[in-house]
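S.K.: Following this message is one structure expressed as structure tokens.
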Amino acid sequence: MERISKTPKAYIGTYAKYNNGSLDGAWMDLTKFASYDDFLSACYKLHKDEPDPELMCQDTEYMPEGISFPESFTNKDFDDVITAYKESLQEEQNEAVSNIRIVDYSEKSIAVYGDTKPIKDKLKALGGKFNRYLEEGAGWVFSKKLENKLRALLESGDIQTCNGKHSSKEQKYKEWFAEYCKLVNDSGYYSDRFYGAVKIKKDGNDYYYLIEKTSIDNDFWFYDEGPNYDLYLQVVRNDETKKEYFLRRNLEHYDYLRKCVKNGFVNFDSNHRAYLDKYEGEKIDDIAVILEAIEYGREKFEKRLMQYLKRWGVTKIKFGTFWADR
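Numbering-wise (my numbering), the sequence shown opens with residue -17 and increments by one.
Structure below.
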């Protein structure tokens, strides 16, 4: 089965076709074009049946987090998507190698474990041999003669290893998450949506609380009258008030999770998932472990939010009003 590429794509039609009831167009992978001009040339070629096509983006998929490609797009929109996509790839690579472990495998070899997929080509080029049946699971085997070069690769400027306060905890979360993905025969759905997992024992069975990878929300709407409109005026007063609202709204989900933990209610499903609920469920002893995982997820998300603001400021955050029912 063909693997679906998760690169930013836009479905490009034209306003003339749309106004005449036609959605004829095509999905365009923005990463396949060296420049905006090349992208436009491909779009115009696609719609060569019109003498002067007015291009229209009718849908998008796999856009970088917090970045959009509008209906009437510009060169800057294209460049922003490509820039954000490349930066997200680098962040994923750094995240993936943050817990890579190098261990002795034999007298003459070492083994490398962890999520090495983003750097597999570099490991292979260095002389590594991939083996999915090593003592601790899938990994790479290297000659000990290459250890210094291997460590230099992992500690280079573009691939940062992480020895921060969460390193051992992160490793455990990832190990439990790998257990869960194997248990449910995951094909990639969960790995895109969660940082890790916490394993919980209940009635002799293993259940997993998954640490979600929350998506950044950058689109906020308010009523055009009343108290909600007054709030809108306060929020859009300046860049600082916009940033404050952006952070508060994005992090409020974790406030809800904290309240669930405070009540201590956990639910369990047939898919070995453990869920938090504010009002009903079972009391368990491992609730403190779940709270620690929630704080870990919150710190990871807040870091992403701050990186987003540092990179884009408030230029990509949308605030608007809509007509309130009267």
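Glycine residues also receive a C-beta, built at the ideal position from the N, C-alpha and C atoms.
What is the C-beta distance between Y190 and A270, in whole angstroms, given that I count them as a contact (C-beta under 8 Å)?
M.R.: Sequence index remark: in the sequence shown, residue 190 carries index 208 (1-based). Sequence index remark: in the sequence shown, residue 270 carries index 288 (1-based). So it is not a contact: roughly 16 Å between Cβ atoms.
S.K.: Using the three-state DSSP reduction, which class does W305 fall into: helix, strand or coil?
M.R.: Here residue 305 refers to the residue found at position 323 of the sequence shown. The answer is coil: DSSP assigns W305 none of H, G, I, E or B.
S.K.: Excluding the five sequence neighbours on either side, which residues of its own chain have a C-beta within less than 8 Å of the C-beta of A(-8), listed in chain order?
M.R.: Here residue -8 corresponds to residue number 10 of the sequence shown, with the count starting at 1. Only W9, M10, L12, C39, D41, T42, F51, F55 meet the Cβ criterion.
S.K.: Give the secondary structure of T(-11) by DSSP, where H, G and I count as helix, E and B as strand, and everything else as coil.
M.R.: The residue labelled residue -11 in the question sits at position 7 within the sequence shown. Here T(-11) sits in coil by DSSP.
S.K.: Rounded to the nearest angstrom, what separates L192 and K183 at their Cα positions?
M.R.: To locate residue 192, count along the sequence shown from 1; it is residue 210. To locate residue 183, count along the sequence shown from 1; it is residue 201. Taking the straight line from one Cα to the other gives about 14 Å.
S.K.: Considering Cα atoms alone, identify which of A(-2), P35, D201, G186 is closest to N232.
M.R.: Start at 1 with the first residue of the sequence shown, and residue 232 comes out as number 250. Taking only the C-alpha atoms, the option nearest N232 is D201.
S.K.: Y44 to K126, Cα distance in whole Å?
M.R.: Stepping through the sequence shown from its first residue, residue 44 is reached at position 62. Stepping through the sequence shown from its first residue, residue 126 is reached at position 144. Between Y44 and K126, the C-alpha separation is close to 41 Å.
S.K.: Taking DSSP's pairing of strands, which residues face G(-5) in a bridge?
M.R.: On the sequence shown, residue -5 is found 13 positions in, with the first residue counted as 1. Paired residues: M38.
S.K.: DSSP state of G170, grouped into three classes?
M.R.: Locating residue 170 in the sequence shown gives position 188, counting from the first residue. Coil, per DSSP.
S.K.: Go through its chain and collect everything with a Cβ distance to Q72's Cβ below 6 Å, but skip five positions before and after it.
M.R.: Along the sequence shown, read from residue 1 onward, the residue named residue 72 stands at position 90. Cβ neighbours of Q72 beyond the five flanking positions: none.
S.K.: Any idea what DSSP makes of R219, helix, strand or coil?
M.R.: Sequence index remark: in the sequence shown, residue 219 carries index 237 (1-based). Here R219 sits in coil by DSSP.
S.K.: Please state the DSSP three-state secondary structure of A134.
M.R.: As a first step, residue 134 must be located in the sequence shown, where it is residue number 152. Correct three-state label for A134: helix.
S.K.: Can you tell me which of the three DSSP states D199 falls into?
M.R.: On the sequence shown, residue 199 is found 217 positions in, with the first residue counted as 1. Here D199 sits in coil by DSSP.
S.K.: Quick one: Cα of K224 to Cα of V218, how far?
M.R.: As a first step, residue 224 must be located in the sequence shown, where it is residue number 242. As a first step, residue 218 must be located in the sequence shown, where it is residue number 236. Their backbone Cα atoms lie some 6 Å apart in a straight line.
S.K.: Please report the straight-line C-alpha distance between F176 and E161, rounded to a whole angstrom.
M.R.: As a working note, residue 176 is residue 194 in the sequence shown. As a working note, residue 161 is residue 179 in the sequence shown. Answer to the nearest angstrom: the Cα atoms are 13 Å apart.
S.K.: For I101, name the three-state secondary structure that DSSP assigns.
M.R.: Here residue 101 is taken as the residue at index 119 of the sequence shown, counted from 1. Helix, per DSSP.
S.K.: Are F247 and L258 close, meaning C-beta to C-beta below 8 Å?
M.R.: The residue labelled residue 247 in the question sits at position 265 within the sequence shown. The residue labelled residue 258 in the question sits at position 276 within the sequence shown. Cβ atoms of F247 and L258: closer than 8 Å.
S.K.: Runs of 3 residues minimum, wholly inside the segment 238 to 285: which ones carry the beta strand (DSSP E) assignment?
M.R.: The segment 238 to 285 contains these whole beta strand (DSSP E) runs: 247 to 250, 256 to 258.
S.K.: Thinking C-alpha only, which one of Y26, F159, E262, Y(-3) is nearest K181?
M.R.: Taking the sequence shown and counting its residues from 1, the one referred to as residue 181 is at position 199. Nearest C-alpha to K181: F159.
S.K.: Measure the Cβ-Cβ separation of S91 and F124 and say whether it is below 8 Å.
M.R.: Mapped onto the sequence shown, residue 91 falls at position 109. Mapped onto the sequence shown, residue 124 falls at position 142. In this structure, F124 lies closer than 8 Å to S91 by Cβ.
S.K.: Could you give the DSSP three-state label for N1: helix, strand or coil?
M.R.: The residue given as residue 1 occupies position 19 in the sequence shown. Three-state result, N1: helix.
S.K.: For W122, which residues in the same chain have their Cβ closer than 6 Å to its Cβ, ignoring the five residues on either side in sequence?
M.R.: As a position in the sequence shown, residue 122 is number 140, starting the count at 1. Once the five neighbours on either side are set aside, the close Cβ partners of W122 are V94, L105, G110, F112.
S.K.: Using alpha carbons as the reference points, say which of N253, E194, R286, P209 lies closest to L229.
M.R.: Counting from one through the sequence shown, the residue named residue 229 turns up at place 247. When each option's Cα is compared against that of L229, the closest is R286.
S.K.: How would you call D20, buried or exposed, if buried means at least 16 neighbouring beta carbons within 10 angstroms?
M.R.: Position 38 of the sequence shown, counted from the start, is the residue given in the question as residue 20. Exposed, because fewer than 16 other Cβ atoms sit within 10 Å of the Cβ of D20.
S.K.: Using CA coordinates, which residue listed in H254, N210, E194 is at the minimum distance from R280?
M.R.: The sequence position of residue 280 within the sequence shown is 298, counting from 1. Considering only alpha carbons, the answer is E194.
S.K.: Could you tell me which residues DSSP puts in a beta bridge with L192?
M.R.: Numbered from 1 along the sequence shown, position 210 holds the residue referred to as residue 192. Answer is A179, bridged to L192.
S.K.: Does DSSP classify I64 as helix, strand or coil?
M.R.: Start at 1 with the first residue of the sequence shown, and residue 64 comes out as number 82. In this structure, I64 counts as helix in the three-state DSSP scheme.
S.K.: At the level of alpha carbons, what is the spacing between N1 and E36?
M.R.: Locating residue 1 in the sequence shown gives position 19, where the first residue counts as 1. Locating residue 36 in the sequence shown gives position 54, where the first residue counts as 1. Cα-Cα distance, rounded: 11 Å.
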